[in-house]
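What the first sequence shows, in this note's numbering, is residues 786 to 1056, in sequence order. The beta carbon of each residue, even a glycine, is placed where N, CA and C say it ideally should be. Only a predicted model underlies this, so the values are computations on that prediction, with no experimental measurement involved. What follows is a single structure, written as structure tokens, with notes after it.
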Amino acid sequence: MPELPEVETTCRGIAPYVVGQRVSHIVVRNARLRQPVSPELAGDLAGQTLQAVERRGKYLLLRSPVGSVIIHLGMSGSLRILPSSSPAEKHDHVDIALASGDCLRLRDPRRFGAVLWTRENPLQHALLSDLGPEPFSDAFDGSYLHQRSRSRSLAVKQFIMDSHIVTGVGNIYASETLFLAGIHPLREAGRISQQRYRRLALAIQQVLSDAIAQGGTTLRDFYNGEGKPGYFQQQLKVYGRTDQPCVRCGRAIVQIKQGQRSTFFCSACQR
DNA sequence: AGTGCGGCCTGTCCGC
DNA sequence: TGCGGACAGGCCGCAC
786 MPELPEVETT CRGIAPYVVG QRVSHIVVRN ARLRQPVSPE LAGDLAGQTL QAVERRGKYL
846 LLRSPVGSVI IHLGMSGSLR ILPSSSPAEK HDHVDIALAS GDCLRLRDPR RFGAVLWTRE
906 NPLQHALLSD LGPEPFSDAF DGSYLHQRSR SRSLAVKQFI MDSHIVTGVG NIYASETLFL
966 AGIHPLREAG RISQQRYRRL ALAIQQVLSD AIAQGGTTLR DFYNGEGKPG YFQQQLKVYG
1026 RTDQPCVRCG RAIVQIKQGQ RSTFFCSACQ R
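Right under this line is the structure:
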């Protein structure tokens, strides 16, 4: 489900309810996520005050004085703020209950997500330390993409979806950004000019910031921390629009597979 | 080192 | 109505 805009929306949505709050206790109903929920989480975090909520790539970080929770929402995860007393449903696997009476509840039907605990700097954690730059950071621009892509033979769509190149571009936004930049998704990453990578970097920033402003994309059941849906779906130009007319030229949108993921593009507008 | 594939899970939808 | 198969927003680990 969640790409960067959804994670960012979640981060902003939950922050007012958790920052500065003391954790009363943790409930782990099912520890069997993509990686098992860290066994030390409950003991270490109980009684601590949450100091900050941050996002790095598609990871959410909850910082406390003694360690940090690293949360990944996988394909189907969502985090919501609820009264601790509200009954858990089938796929509600983890609660972080707060002294305020609220709890931060993870729901994840497919269990591709993760809830990890580290006593070290979470940015140094193995899963985060090799991530590429944030798309809104100074380190990310067209010349960066151009430089990293030299001698890379894979398709540009798969290149920009690699979180070690740039974080936050998932399957939906990869198709959208390539459409905005006018670049064909099958084009070899190493054979694209710096000029075109400049357009692509700007397109990535534009699409992601628009999506964040709209509260993310709700396809099935994305909700922000307060349970409100996102509205970006209405803005999608190519994703999920197979055979429908291109918004720019009217030609039918094409759907293909790249590495078992669906790709959508306009064969006239994207070269 | 870079590339491509399988696997992790459950739910939903489509065609027969 | 039931059933099998394909598909879904991510990402790691493994062979080659």
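Contacting residues, own chain, Cβ-Cβ under 8 Å from residue i (five flanking each side not counted)
i: D893; result: L818, L858, G859, S861, G862, S863, H876 and H878
i: H910; result: I855, L901 and T903
Rounded Cβ spacing between residue i and residue j (contact assumed at less than 8 Å)
i: A1053; j: R1036; result: 5 Å
i: L930; j: A986; result: 6 Å
i: I1041; j: D1028; result: 13 Å between Cβ atoms; not a contact.
C-beta contact flag for residue i and residue j at 8 Å
i: I856; j: A899; result: yes
i: R751; j: I968; result: No answer is possible for residue 751: the residues shown for the chain start at 786 and end at 1056.
i: A988; j: R937; result: no
i: R840; j: E788; result: no
i: A882; j: V812; result: yes
i: H1032; j: F1050; result: Here residue 1032 turns out to be Val, not His, going by the sequence shown. In this structure, F1050 does not lie closer than 8 Å to V1032 by Cβ.
i: I866; j: D880; result: no
i: Q979; j: S922; result: no
i: R1046; j: N956; result: yes
Same chain, Cβ closer than 6 Å to residue i, neighbours up to 5 away in sequence not counted
i: T834; result: R807
i: S823; result: L901 and W902
i: F897; result: R819, G859 and M860
i: A924; result: P918
i: D926; result: A986
i: R1056; result: H969
i: R1005; result: The predicted model places R1005 with a pLDDT of 40, which falls under 50 and marks its position as unreliable; any figure quoted below should be read in that light. Counting only Cβ-Cβ distances below 6 Å, and skipping sequence neighbours, we find nothing.
i: R933; result: I950
Nonlocal neighbours in the same chain, by C-beta distance under 7 Å from residue i, ignoring five residues either side
i: A800; result: V838
i: S948; result: G842, L916 and G917
i: E961; result: V992, L1021, K1022, V1023 and Y1024
Through-space distance from residue j to residue i, alpha-carbon basis
i: G917; j: L901; result: 20 Å
i: R797; j: S853; result: 18 Å
i: A996; j: Q990; result: 10 Å
i: F964; j: T795; result: 26 Å
i: E791; j: R976; result: 31 Å
i: L846; j: K942; result: 28 Å
i: G1044; j: A959; result: 13 Å
i: E825; j: Q1020; result: 42 Å
i: A966; j: L993; result: 13 Å
i: S849; j: A831; result: 10 Å
i: R935; j: E905; result: 35 Å
i: S809; j: L971; result: 51 Å
i: S885; j: V851; result: 20 Å
i: L751; j: V804; result: In the structure as shown, the chain begins at 786 and stops at 1056. Residue 751 is therefore absent and cannot be evaluated.
i: G1000; j: A873; result: 25 Å
i: M946; j: P920; result: 12 Å
i: Y802; j: S870; result: 16 Å
i: G828; j: G953; result: 32 Å
i: L908; j: R814; result: 27 Å
i: P868; j: C1034; result: 50 Å
i: L944; j: Q836; result: Residue identity check: residue 944 is Phe in the sequence provided, not Leu. Each residue's Cα considered, the two are about 35 Å apart.
i: P821; j: Y844; result: 16 Å
i: R895; j: A998; result: 27 Å
i: P1030; j: T1048; result: 16 Å
Any non-hydrogen atom of the ligand ADP within 7 Å of residue i CB
i: I957; result: The ligand ADP is not among the ligands present in this structure, which contains no ligands whatsoever.
Legend entry - Unbroken stretches of the beta strand (DSSP E), 3 residues or longer, contained in the segment 806-844: Taking 3 residues as the minimum length, the beta strand (DSSP E) runs contained wholly in the segment 806-844 are 808-813 and 837-841, in order along the chain.
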